[in-house]
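These protein sequence lines are chains A and B, in that order. Converting from the first sequence to my numbering requires adding 32 to each position, the first position being numbered 1. Converting from the second sequence to my numbering requires adding 7 to each position, the first position being numbered 1. Every residue, glycine too, gets a C-beta built ideally from N, C-alpha and C. First up is the structure itself, then whatever we jot down about it.
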Amino acid sequence: MEYVSLTIGFLVILAGLWAIMTKKNIIRIIIGFVLFDTGIHIVMVALAYVKGKAAPILDSTVSIDDAVNSIVDPIPQALVLTAIVIGLGVTALMLAYAVKLHKEKGNLDIKSFKELKW
Amino acid sequence: MRNSFILILIVAFGIMLYGLFDAFSGNEQLSELAKYYAQKENIEKVQAANLVTAVVVTYRGLDTLGEVTILFLTAAIIGFFLHNKEEKRFLRENSEIFITAAKLLIPIIILLGVYIFINGHLTPGGGFQGGAVIASAVILMILAFPEREFNSKFFTYLESASGTIFVLLAALGAIIGSGFLDNAIVPMGTFGKLVSAGVIPIIYSFVGLKVGSELSNILGNFKAVQSDN
């Protein structure tokens with residue numbers, strides 16, 4: 033099971049990398065960054081998986097006495113929660129820059145922004 | 008030429024990731040730190056049924072404080088960056104079905120967001136998720152009633168008040184409890200019920216309000232720079 037999500041995560045990372053490097057439209061480049069981000073989150077959650085264990089939420093099926101032997105690792109999940117929020121903030125900032133760039137040049141083609149090219 | 012370079016780079020990255028994939032063999036048991044968090048006496052000390060929430064708000068609550076600070080910074084930078092006088096726009100009128108559905112759905116979506124962050128210590132969910140749901144209600148409001156003015160002042164005050172209360176509650180743990188973000192400064196309640204886990208549901212509710220109002224402010228800023236051309 034963890035191999036499936038690990039594979040999907042790596043494929044999503046590669047798709048994001050491909051989008052970042054080949055796309056010309058700034059919005060699509062931002063979508064590439066978001067894909068890269070999401071892939072890393074999937075990989076981190078997959079790494080936290082413990083074989084045959086349940087989600088780290090205690091209720092009638094996962095008892096408090098035997099929690100150590102019946103849950104998956106909660107720490108990477110908490111880290112991913114943090115990472116998702118930071119990723120949201122970064123995406124919002126990138127979109128704000130995209131709005132500003134569109135006001136400047138009237139289009140979103142990355143080829144029309146040559147000032148920082150070397 | 009350029010395309011082949013990109014192809015080589017992606018293939019090299021894929022080979023690197025395949026190495027990670029190949030070396031991974033799955034976990035048979037928890038790591039030492041997770042074992043500490045999942046011990047019976049530590050669970051009873053924190054009393055949160057959702058262990059992820061226990062890690063996010065209590066054990067690593069300082070990270071969460073940094074996280075909401077980063078979100079606040081993002082909202083502030085976007086507000087500074089996209090500050091613009093709202094232009095007069097000519098909009099097609101929304102359809103009757105959309106407006107009626109929005110009026111019906113907006114209160115329900117906000118209620119769902121509040122439910123998610125109040126139950127953050129019991130079920131999957133919490134302040135960040137609930138705040139995002141509330142912000143989705145706000146974006147529906149912006150789409151359905153674009154001619155109404157967006158009251159960013161209200162959200163700014165709500166956000167500052169929630170952030171201040173979060174820090175004060177955390178500091179109160181250091182004054183009358185055993186440390187910063189100690190959750191035993193209010194009665195603990197019964198495990199698995201809504202009133203449990205001490206100060207965690209209170210802090211998470213304010214985190215939810217803060218995240219919701221920050222995201223709404225970002226959306227309002229994006230709305231303000233829209234123009235017709």
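Quiz item: Of all Cβ atoms in chain A, is any one closer than 9 Å to the Cβ of B/K42?
Solution: B/K42 has a beta carbon lying within less than 9 Å of a beta carbon in chain A.
Quiz item: Is the CB of A/F65 under 9 Å away from at least one CB in chain B?
Solution: Output row for A/F65: interface = no.
Quiz prompt | B/G196: contacting residues in chain A (beta-carbon distance under 9 Å) | solution = Here the premise fails: no neighbours, minimum Cβ distance about 15 Å.
Practice problem: Going by CA-CA distance only, name the one from B/I115, B/Y164, B/V206, B/F162 that's closest to B/L179. | Solution: Comparing Cα-Cα distances from B/L179 to each of B/I115, B/Y164, B/V206, B/F162, the minimum goes to B/V206.
Quiz item: Are the beta-carbon atoms of B/E154 and B/N224 separated by less than 9 Å?
Solution: Not closer than 9 Å, so no.
Quiz item: From the beta carbon of A/E136, is the nearest beta carbon of chain B less than 9 Å away?
Solution: False, the Cβ-Cβ gap to chain B never drops below 9 Å.
Quiz item: Which residue comes first and which comes last in the alpha helix (DSSP H) that contains B/E35?
Solution: Segment: none, B/E35 is in no alpha helix (DSSP H) and carries neither H nor E.
Self-check item: A/Q109, buried or exposed, once every other Cβ within 10 Å from all chains shown has been counted against 16
Solution: Here A/Q109 is buried, its C-beta having at least 16 other C-beta atoms within 10 Å.
Exercise. Provide the residue(s) that pair with A/V82 in DSSP beta bridges, ordered along the chain.
Key: Bridge partners of A/V82: B/N34.
Quiz item: If you run the structure through DSSP and keep just helix, strand and coil, what is B/G21?
Solution: Three-state result, B/G21: helix.
Quiz item: CA-CA distance, B/G184 and B/T65?
Solution: If you draw a straight line from the Cα of B/G184 to the Cα of B/T65, it is about 13 Å long.
Quiz item: Taking any Cβ of chain A, which residues in the region 49-71 of chain B have a Cβ under 8 Å from it, in chain order?
Solution: Residues I50, E51, A56, N57, L58, V59, A61, V62, V63, R67, D70, T71.
Quiz item: Should B/K110 be labelled buried (16 or more other beta-carbon atoms within 10 Å of its own) or exposed?
Solution: Residue burial annotation: B/K110 is exposed, with fewer than 16 other C-beta atoms found within 10 angstroms of its C-beta.
Exercise. Can you check DSSP and say which residues form a bridge with A/D12?
Key: Lying before the first or after the last residue shown, residue 12 of chain A is absent from chain A, which here runs from 33 to 150.
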